[in-house]
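Residues -22 to -1, 1 to 128, numbered by mature numbering (1 follows the signal peptide of the UniProt record, and there is no 0), are exactly what the sequence shown covers, in order.
Note that the Cβ used here is the ideal one computed from N, Cα and C, for glycine as well.
Since the structure comes first, as structure tokens, the remarks are kept for the end.
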Amino acid sequence: MDSRAAAAAAAAIMVIVSSAAAGVGGDFAADRAECSDKLVALATCLTYVQDEAAAPTPDCCAGLKTVLQTSRKCLCVLVKDKDDPSLGLKLNVTKALGLPAVCNAPANISDCPRLLNLAPNSKEAQVFEEYAKQAAAQKSTPSAAGNHWI
């Protein structure tokens, strides 16, 4: 990714975490603010999660590992915002949620409702639970076992 594309990707990530959709509660706005600087590390992943690349780059995987080490909640924030129309981005959610497994960076998507303080039976929490179920159902090899839930 050239420097202009990287800068544009970083700006897009900043939009994801800094834009506030109507009706977002205070806790979620605080989560976005907490994660804005951390999610810039995922800018190099945009080509992969927007279906412009067949595989994530090594820089993408390194950035993902950094995000997961500093705040697992931040990946949840990114997924939570996937349908925000103000973002102007089209993300392949399956690829985004599969990044931890592809990058060999353990993460458990079913922790997201707790990390985001979502009500267990809320629509938002159910999105994460459904993704976790789909990922678990797709595990087909022993090497895919472990903590690679997304």
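Per-residue burial, residue i [other beta carbons within 10 Å of its own, 16 or more giving buried]
i	result
Thr48	exposed
Val71	exposed
Pro78	buried
Lys101	exposed
Pro34	buried
Pro98	exposed
Asp15	exposed
Ala110	buried
Asp61	exposed
Asp29	exposed
Lys58	buried
Ala113	buried
Ala21	buried
Ala8	exposed
Residue range of the alpha helix (DSSP H) that includes residue i
i	result
Ala83	Neither: Ala83 is in no alpha helix (DSSP H) and is coded neither H nor E.
Pro98	Segment: none, Pro98 is in no alpha helix (DSSP H) and carries neither H nor E.
Lys68	First-last for Lys68: undefined, no H or E at that position.
Lys58	50 to 58
Spatial neighbours of residue i in its chain, beta-carbon cut-off 6 Å, leaving aside the 5 residues before and after
i	result
Phe106	Ile87, Cys90, Pro91
Any chain C beta carbon closer than 8 Å to residue i
i	result
Asn99	This model lacks chain C altogether; it includes just one protein chain.
Contacting residues, own chain, Cβ-Cβ under 7 Å from residue i (five flanking each side not counted)
i	result
Asn82	none
Point to revise | Complete runs of the beta strand (DSSP E) confined to the region 13 to 44 [at least 3 residues] | key: none
Point to revise | Any 3 or more C-beta pairs closer than 8 Å across the region 41 to 55 and the region 84 to 98 | key: yes
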